[in-house]
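So the mapping is simple: my numbering equals the position in the sequence shown, first residue as 1, plus 120.
The structure appears below as structure tokens.
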Amino acid sequence: MTENQVEIVRTICNSHCGGTCEMKVHVQDNKIIRIEPDDRPGHPRMCARGHAYRQRVYAPDRLLYPL
């Protein structure tokens, strides 16, 4: 991936809500810039936790290293 190019990564949400929503994560310069539901048939929606996943990853109070 070159600089400023957007890469789309398919993954699942692991927020332990039971849905394991499939999603497409748009990544630019090693940062998540957008998350959207997977557009394949049978996966048109994503839960609220999936939509908020970017905020969870970049939360200022998130632990980054073991204590």
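Where is the CB? At the ideal position from N, CA and C, for every residue including glycine.
Everything numeric in this text was worked out from a predicted model, so none of it was measured.
Looking at the DSSP output, Met-143 sits in a beta bridge with Thr-131 and Pro-157. The C-beta distance from Ile-132 to Thr-140 rounds to 5 Å, short enough to fall under 8 Å. With contacts defined as CB atoms closer than 7 Å, Val-145 and Ile-155 qualify as a contacting pair. Short of 8 Å from the beta carbon of Tyr-185, and not among the five residues preceding or following it, lies no beta carbon of its own chain. Bounds of the alpha helix (DSSP H) holding Ala-168 are 168 to 171. When DSSP states are grouped into helix, strand and coil, Gln-148 belongs to the strand group.
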